[in-house]
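Respectively, the protein sequence lines represent chains A and L.
Numbered continuously in our numbering, the first sequence closes out at residue 710.
Numbered continuously in our numbering, the second sequence closes out at residue 1710.
Scroll down for the structure; my scribbles are underneath it.
There are 2 protein chains.
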Amino acid sequence: MNGNAKVLSNHELQSQAPSYLETIFSLANGHFGIRGSNPLQESSTGGTVVNGFYEISPIHYGEAAFGYAKNNQTIVNLPDFYALEIFDENEDRFVAKLDEKSLDMQTGMLTSNYILTNSEQQKIKLVVKSVLSQNKDSFVGLQYKIQSLDYQGKLLIKKHLQPVKNATENNDPRKSRVVQTLTYQRETINNSCEILKIATKFSHLHLDLGLCSKISLEQNIVLKESFEFECIGIVGEIDQTLNLDKIPTFQDILADSQDFWDKFWHNSEVIISGNDELNQALHYNIFQLMSSSGRDGKTNIAAKGLSGTGYEGHYFWDTEMYMAPFFDFTNPQIARNLIKYRYSILPESKKRAKTLGVDQGVLFAWRTINGQEASAYYPAGTAQYHIDADVAFGVYRYLSATDDWQFIEDYGLKIVLETARFWRGFGSYTEMNGRKKFCFYDVTGPDEYTAIVDNNYYTNRMAKFNLNFAVKLIEKFPQKAQSLGVTSKEINDLKQTAQAIYLPYDKKLGINQQDDSSFKKPVWPFEKTPKENYPLLLHYHPLTIYRYQVNKQADTILADFLFNDISQAQLKREYDYYEKITTHDSSLSRSIFSAMAARIGLKQKAYDYFIDTVRTDLTDLQGNSADGLHVANLGGSWLTVVFGFCGVEVKNGTLFLHNNLPKAWNKLSIRLKFKGRLLKMTYSPDKIEVDLLDGQPIKLFIDGTSQMIV
Amino acid sequence: MNGNAKVLSNHELQSQAPSYLETIFSLANGHFGIRGSNPLQESSTGGTVVNGFYEISPIHYGEAAFGYAKNNQTIVNLPDFYALEIFDENEDRFVAKLDEKSLDMQTGMLTSNYILTNSEQQKIKLVVKSVLSQNKDSFVGLQYKIQSLDYQGKLLIKKHLQPVKNATENNDPRKSRVVQTLTYQRETINNSCEILKIATKFSHLHLDLGLCSKISLEQNIVLKESFEFECIGIVGEIDQTLNLDKIPTFQDILADSQDFWDKFWHNSEVIISGNDELNQALHYNIFQLMSSSGRDGKTNIAAKGLSGTGYEGHYFWDTEMYMAPFFDFTNPQIARNLIKYRYSILPESKKRAKTLGVDQGVLFAWRTINGQEASAYYPAGTAQYHIDADVAFGVYRYLSATDDWQFIEDYGLKIVLETARFWRGFGSYTEMNGRKKFCFYDVTGPDEYTAIVDNNYYTNRMAKFNLNFAVKLIEKFPQKAQSLGVTSKEINDLKQTAQAIYLPYDKKLGINQQDDSSFKKPVWPFEKTPKENYPLLLHYHPLTIYRYQVNKQADTILADFLFNDISQAQLKREYDYYEKITTHDSSLSRSIFSAMAARIGLKQKAYDYFIDTVRTDLTDLQGNSADGLHVANLGGSWLTVVFGFCGVEVKNGTLFLHNNLPKAWNKLSIRLKFKGRLLKMTYSPDKIEVDLLDGQPIKLFIDGTSQMIV
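The following block contains the structure:
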């Protein structure tokens, strides 16, 4: 590699498949993303994705039933801002071959070099520099430089916003369906600007894209040595009209981007000393995580961010469990806005709870953009009720990191209360050994290789947390709680229910039990399963997978990761048991296993998992990065570093650090915001040093010893 | 009612909705069925259904997964043989209003009277007599008689085979989808015959329909008093070419039908004395059950028989559990052919087992025509693995009734062996209280309001039976078994597995437990459920239904019904427990509850359930008889009478009778074939009399006392 952790070149990647490179070199700013396509090569997968701009279509079921999700919500692939046509004097079109792409994460600028060839094999060079505005999120700056190699003479340059030619329909549930119901209306201004007004037919959304070029949109030039021009792409707000006043220059945009990323790295720099590749990968991951996140309180973080249309641009529990922690501890403003999005979909979630037969509280959609459930397979969708508690946990973690009680009163309390109410209405008491335990039947936990089970430990543990946290917030804000209808009876009910929630535990094994039936089932015949049969979901019927003990991802272990409330001995037993039955077929798995291995001292295991985690997309580990980045895993790799190797923990409002540094590294430094301070922690094999970069002195615990950081 | 149990008039029915009458007055002969439509009123629901003639289309899933059923198989609605056009001298078309329909179940003939009116309100009367050949199953005889009422003069009569205009698409999973991919080719012969060659596009089947009229297909006449003509409809065999040699006359067909039904009633007459309505309904039910059944070994009995396209013409477990018993004990030839159909789909079922991750044995499709799985919702489809044991049980019951060991060796053994093998490969050992028990995880029992559970009692009990029965047959036919690959090791394995199968039992309640988790779940809030919210499946999400104790239909009780192997005391407890949580939202439920109530002496309950059961279609109890008859329930009502009220049981090859006669009846007589004998049993309040109508003397037990019938 190049030695600079903040620069990534395509030559450092094994795959050079165009659609894969489009993903890896996508740029985004939370509002929109542009895929790193070849400007002269029409691509069905290149283009622009706008956060929250989706079309709906009816979901078709072989056999439908009451309460099923009705509509797909599908993020749409919009025109590619890179696209350009260049013709020679014979009106022959040049084709382009990629020479190099280089992403500078310090400035946010992507530089792409192409060799262009006409049919007579004459060549010119094209250098495209691209950068997105970040503080004001509507602009993409594009700078095209054409240099003669062995072609000189007339060139016609055409630059328009063209609808992306649709990809063919496919059956991979992880890919997006094809949207054919957009309408486009074009407006040209002075030959140098155009606006493309785009409307969806069924979701009734519209969006304006703009393009302003320093030359005419169709311009004849005579190329001698080189020719340079710039274009500015503009992405409007959904349902708002674009105006082309105050278009910045390329330099303006670059300066804005540079300023933004400077601050970003200042607040969240993470440096691994000892392995340049991993160091670069980690930088890439948090750069893309930041790029992916909606920042306006109306949008969230899609499973693929803004790097592609995979998973249809839907928001999942991934946000709260894998992505939001990074923002909680580095950029609370964004963390707040992610929570505000959940707050905005409370009304839809209330309806959903009713549809699922629960008259109180809310049930968040498993996958959604507009708040309505869009999961067409309820056993691994709606049945993952734990999303309610995951969202509540997100509020809790934001509070732990920020102490921002005002936000909790304004937004958090209602979310936590309404989710707690759902659990109360959803669960029921069952007598066990003479005691009444509160149970949840027919649920699916995080592990999607086990579905529709009773008393999933993770779900029950999270629900218990959710209820207790609701009580805590109600007691903190009694008046606000009263305005939300809370009575003293309800407080008692919540407390009693939380107390009574059943947590399955296997005495013989001495570990928490994934669900009521999990340990009875036979273990998956791993020894008979050829390598090419992974991921299992592509090779076995769900019923086959469900009837075995086999996990797609961390489930019980994820609860351990979040709560850290069991003994080290039990934790080791649990880790050992569940690791053996986990395939990590989900990209949400390895990061958690890595962090947990680090915490229990399995240094090599922790490190091995981390290598896979941190480079999931850069090595195309899952084979489908072309559809978009695995954004939860981008966040997951940061989780591993911070909550695994750095042993960061907040207990009763105090920060604890534990040194779990991998042997291969001689130093690791991270920056975190904590309750208004900016801290820099530097881990070396034998010590942890903490610097206060901003804010008031604070007491924290380093490897068990209290220390005041000034 | 009219007092004749074998005649049914529309005036005895409450609903006069045309599509409902089409169902009730449908005629069929196992090969095809014609719905009782108004000949002059074009109907999208009238027409002809041919057993096993289906089109395929891809099943669309919101989220697809490995091993899902790929294609719909949809029985197609073919031209209506009744259809006729009559024009007056002004070329004005007559419309028809039904006066009366009367079905004679002694002869199989339907007589329909219509009043025809032209636009000048002039009237003629039309009487249509229709009858299907039964012994040779290709013909429908139609006799049209036109009588002047106040119209005389020219008439133009047009009679053609016209494709049915498609109904609109709908979302009710119980209805059929619309097939739009048929092609038709017409051939006219001498103006009086035509052949319509029909081909499906995707299932690659073809079928010829023929029509021969005694007059021209378009005939001008002058009506004075009356005019009569007959037409013969011909339904070819699937994939065979029709020839129009040897077309019978209407009288020939009527004679054939009469002969067939004479024999039918001779062998299976059931007479209830004491309630004419129920007596008529029971006659209707077995008449239609007989009409519905495929008789050729290549076809089976669809859920709606040949009376409509509901459930797409699919064969389910209904055959073995609800319909076949009637044939086992009255018409073994047909019972044999129903089993031969299962034998014919063994190869497809072997593939299906592999797809479900089981390398040995076969798994029958939950719903199918061609043997391939067509259920698009696996939790209430493929997960109902019990169908395998149901089919094996069907073989067992056929054997019990007939002693036909040769057929068992030729066909039955392989079916029973291959299903037993499936159970062995599908289940697994789990340690319980120090003993290894054989368990089945993630299955759905008969009750579709409980899905994806562990150790469903019915499933486990049936699997145990299946394995034991396989061992019995292997030991009876060692050579044949060897030729099917059975080794002594396999015999031992089968025995051990059968022995080890776990049967969930609740000690506290003293009853068999529906599944591992059923009793932990809260009971459905019946008191809060308004009447209009039944059937629950149309008003609650599956997840809502699944997380409560609530049954759509008999489940554990069905096992009790089949095996009769628990004490009366436990049976009463079980009946009491499960009845309270059963909604009978399935038409497969009440017949079993009725029979069980009869057996345990709950006479009034038994009778009340029976009234609903036996008249399900005649009262349109479920509100959807327009889509076709509930054929399983037709058989179910016979089950109730024979195995409930008449207490018929075969134990160790001997017939036992118990008098459970309802109080309201003074007499009940049934006819059964048993091991080559034809027996007539007459139940009165204080005794059972048995007459041997045909065959050798036989010993049987009447209310516990052994008696030789000579």
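Every residue, glycine too, gets a C-beta built ideally from N, C-alpha and C.
Since this is a predicted model, take the numbers as computed values, not measurements.
### Message
Less than 7 Å between CB atoms is the rule here; does LYS1508(L) satisfy it with respect to chain A?
### Response
Position 508 of the second sequence, counted from the first residue, corresponds to residue 1508(L). Cβ-Cβ to chain A under 7 Å: no for LYS1508(L).
### Query
To which residues does DSSP link ALA199(A) through a beta bridge?
Working through the first sequence from its first residue, we reach residue 199(A) at position 199. DSSP output for ALA199(A) lists THR183(A) and HIS206(A) as bridge partner(s).
### Nearest candidate by alpha-carbon position, reference LEU103(A), set LYS552(A), TYR284(A) and ILE387(A)
The count along the first sequence starts at 1 and reaches residue 103(A) at position 103. That would be TYR284(A), whose Cα lies nearest to the Cα of LEU103(A).
### Message
Please list the terminal residues of the continuous beta strand (DSSP E) segment that includes ARG1367(L).
### Response
Position 367 of the second sequence, counting from 1, holds the residue named residue 1367(L). Looking at the DSSP string, ARG1367(L) is not in any beta strand (DSSP E), and its letter there is neither H nor E.
### Query
Which residues in the same chain have their Cβ closer than 8 Å to the Cβ of LEU1558(L), if we skip the five residues on either side of it in sequence?
What you label residue 1558(L) is simply residue 558 of the second sequence in a count that begins at 1. Counting only Cβ-Cβ distances below 8 Å, and skipping sequence neighbours, we find MET1321, PRO1446, TYR1458 and ILE1592.
### Message
So, at 6 Å on beta carbons, what are the nonlocal neighbours of ILE1157(L) in its own chain, with the 5 sequence-adjacent residues on each side left out?
### Response
For the purposes of this step, residue 1157(L) is taken as the residue at position 157 of the second sequence. Closer than 6 Å at Cβ, skipping near neighbours: ILE1086 and GLN1219.
### Query
In this structure, does DSSP put VAL1631(L) in helix, strand or coil?
Counted from its first residue, the second sequence places residue 1631(L) at position 631. Here VAL1631(L) sits in helix by DSSP.
#### Entry: Residues of the stretch 1393 to 1417 of chain L whose Cβ lies closer than 7 Å to any Cβ of chain A, in chain order
none
### Task
Grab me the residues of ALA380(A)'s own chain with a C-beta within less than 7 Å of its C-beta, minus the 5 sequence neighbours each way, in chain order.
Taking the first residue of the first sequence as position 1, residue 380(A) is located at position 380. Cβ neighbours of ALA380(A) beyond the five flanking positions: THR444, GLU448 and ALA451.
### Message
Counting C-beta neighbours from all protein chains within 10 Å, is the total for VAL641(A) 16 or more, i.e. buried, or is it exposed?
### Response
Residue mapping note: residue 641(A) aligns to position 641 of the first sequence, counting from 1. Burial call: buried.
#### Entry: Selection of the stretch 1249 to 1267 of chain L by Cβ proximity to chain A, strictly under 7 Å
none
### Message
Can you check which of these residues, SER15(A), PRO58(A) and LYS101(A), is closest to GLY36(A) by C-alpha distance?
### Response
Taking the first residue of the first sequence as 1, we reach residue 36(A) at position 36. It is LYS101(A).
### Query
Applying the criterion that 16 or more other CB atoms from any shown protein chain within 10 Å of the CB defines a buried residue, is ILE56(A) buried or exposed?
Position 56 of the first sequence, counted from the first residue, corresponds to residue 56(A). A residue is called buried when at least 16 other Cβ atoms come within 10 angstroms of its Cβ; ILE56(A) meets this threshold and is buried.
### Message
Within the continuous beta strand (DSSP E) that includes TYR1054(L), where are the two ends?
### Response
One-based indexing of the second sequence puts residue 1054(L) at position 54. That run of the beta strand (DSSP E) goes 1054 to 1058.
### Query
To the nearest angstrom, how far is it from the Cα of ILE702(A) to the Cα of GLN1360(L)?
One-based indexing of the first sequence puts residue 702(A) at position 702. One-based indexing of the second sequence puts residue 1360(L) at position 360. Each residue's Cα considered, the two are about 59 Å apart.
### Task
Measure the CB-CB distance between TYR1054(L) and THR1023(L) and report whether it falls below 7 Å.
Position 54 of the second sequence holds residue 1054(L). Position 23 of the second sequence holds residue 1023(L). It is not a contact, given that the beta carbons lie outside the stated cut-off.
### Message
Suppose the cutoff is 8 Å on Cβ atoms and the five residues either side in sequence are ignored; what does the same chain contact list for THR107(A) look like?
### Response
Here residue 107(A) is taken as the residue at index 107 of the first sequence, counted from 1. Excluding residues within five positions, the ones whose Cβ falls inside 8 Å are VAL131, LEU254, SER257, GLN258 and TRP261.
### Message
Per DSSP, what are the beta-bridge partners of ILE1698(L) in this structure?
### Response
Counting from one through the second sequence, the residue named residue 1698(L) turns up at place 698. In the DSSP output, where bridge partners are listed per residue, ILE1698(L) has ILE1709(L).
### Query
Taking just the CA atoms, how far does SER148(A) sit from CYS231(A)?
Along the first sequence, one-based indexing puts residue 231(A) at 231. Along the first sequence, one-based indexing puts residue 148(A) at 148. If I take the Cα positions, the gap works out to 21 Å.
### Task
Under the assumption that ALA1401(L) contacts PHE1674(L) (Cβ atoms under 8 Å), give the Cβ distance between them as a whole number of angstroms.
Your numbering for residue 1401(L) matches position 401 in the second sequence. Your numbering for residue 1674(L) matches position 674 in the second sequence. About 6 Å; that satisfies the 8 Å criterion.
#### Entry: Cβ neighbours of ILE1581(L) in the same chain (closer than 7 Å, five flanking residues each side left out)
As a position in the second sequence, residue 1581(L) is number 581, starting the count at 1. Cβ neighbours of ILE1581(L) beyond the five flanking positions: VAL1523, TRP1524, GLN1549, VAL1550 and ASN1551.
### Query
Does the beta carbon of PHE66(A) sit closer than 7 Å to a beta carbon anywhere in chain L?
Indexing the first sequence from 1 puts residue 66(A) at position 66. It does; some Cβ of chain L falls within 7 Å.
### Query
Is it the case that the Cβ atoms of ILE1124(L) and TYR1151(L) are separated by a distance below 7 Å?
Counting from 1 along the second sequence, the entry for residue 1124(L) is found at position 124. Counting from 1 along the second sequence, the entry for residue 1151(L) is found at position 151. Yes, these two residues count as a Cβ contact at 7 Å.
### Query
Can the beta-carbon of GLU269(A) be found closer than 7 Å to that of ARG671(A)?
Counting from one through the first sequence, the residue named residue 269(A) turns up at place 269. Counting from one through the first sequence, the residue named residue 671(A) turns up at place 671. Cβ distance < 7 Å, so GLU269(A) and ARG671(A) count as in contact.
### Query
Taking Cβ positions, are GLN280(A) and LEU634(A) nearer each other than 7 Å?
Locating residue 280(A) in the first sequence gives position 280, counting from the first residue. Locating residue 634(A) in the first sequence gives position 634, counting from the first residue. Against a cut-off of 7 Å, the Cβ pair of LEU634(A) and GLN280(A) comes out as no contact.
### Task
Starting from PRO1522(L), find everything on chain A with Cβ-Cβ shorter than 7 Å and list it in chain order.
As a working note, residue 1522(L) is residue 522 in the second sequence. SER428, listed in chain order.
### Own chain partners of THR616(A) with C-beta closer than 7 Å, once the 5 adjacent residues on each side are dropped
Start at 1 with the first residue of the first sequence, and residue 616(A) comes out as number 616. In the same chain as THR616(A), and ignoring 5 residues on each side of it, the C-beta atoms closer than 7 Å to its own belong to SER587, GLN622, HIS630 and ASN633, in chain order.
### Message
Between which residues of its own chain and ALA389(A) is the CB-CB distance below 7 Å, once the five residues before and five after are set aside?
### Response
In the first sequence, counting from the first residue as 1, residue 389(A) sits at position 389. Here the set comprises THR419, MET462, ALA463, PHE465 and ASN466.
### Query
Which chain L residues sit within Cβ distance under 8 Å of HIS60(A)?
For the purposes of this step, residue 60(A) is taken as residue 60 along the first sequence, with counting starting at 1. The contacting residues are HIS1060, TYR1061 and GLY1062.
### Query
Can the beta-carbon of LEU1209(L) be found closer than 7 Å to that of ILE1238(L)?
Counting from one through the second sequence, the residue named residue 1209(L) turns up at place 209. Counting from one through the second sequence, the residue named residue 1238(L) turns up at place 238. No, Cβ-Cβ distance for LEU1209(L) and ILE1238(L) is not below 7 Å.
#### Entry: Cβ contact (3+ pairs, closer than 8 Å) linking the stretch 1288 to 1304 of chain L and the stretch 1686 to 1693 of chain L
no
### Query
With 16 as the cutoff for other CB atoms within 10 Å, does THR1382(L) come out buried or exposed?
The residue given as residue 1382(L) occupies position 382 in the second sequence. Looking at its Cβ environment, which holds 16 or more other Cβ atoms inside 10 Å, THR1382(L) is buried.
### Query
Whose CA, out of SER43(A), ALA664(A) and LEU678(A), lies closest to the CA of SER273(A)?
Indexing the first sequence from 1 puts residue 273(A) at position 273. Out of SER43(A), ALA664(A) and LEU678(A), ALA664(A) has the C-alpha closest to the C-alpha of SER273(A).
#### Entry: Pair within 7 Å by beta-carbon distance, ALA335(A) and TYR411(A)
The residue you call residue 335(A) lines up with position 335 of the first sequence. The residue you call residue 411(A) lines up with position 411 of the first sequence. Not closer than 7 Å, so no.
#### Entry: Cβ contact check for the stretch 1349 to 1363 of chain L and the stretch 1424 to 1432 of chain L: 3 or more pairs under 8 Å
Remark: three or more beta-carbon pairs, one from each stretch, lie closer than 8 Å, so the stretch 1349 to 1363 of chain L and the stretch 1424 to 1432 of chain L are flagged as touching.
### Query
Which residues in the same chain have their Cβ closer than 6 Å to the Cβ of PHE477(A), if we skip the five residues on either side of it in sequence?
Taking the first sequence and counting its residues from 1, the one referred to as residue 477(A) is at position 477. Cβ within range, chain order: GLU409 and LEU413.
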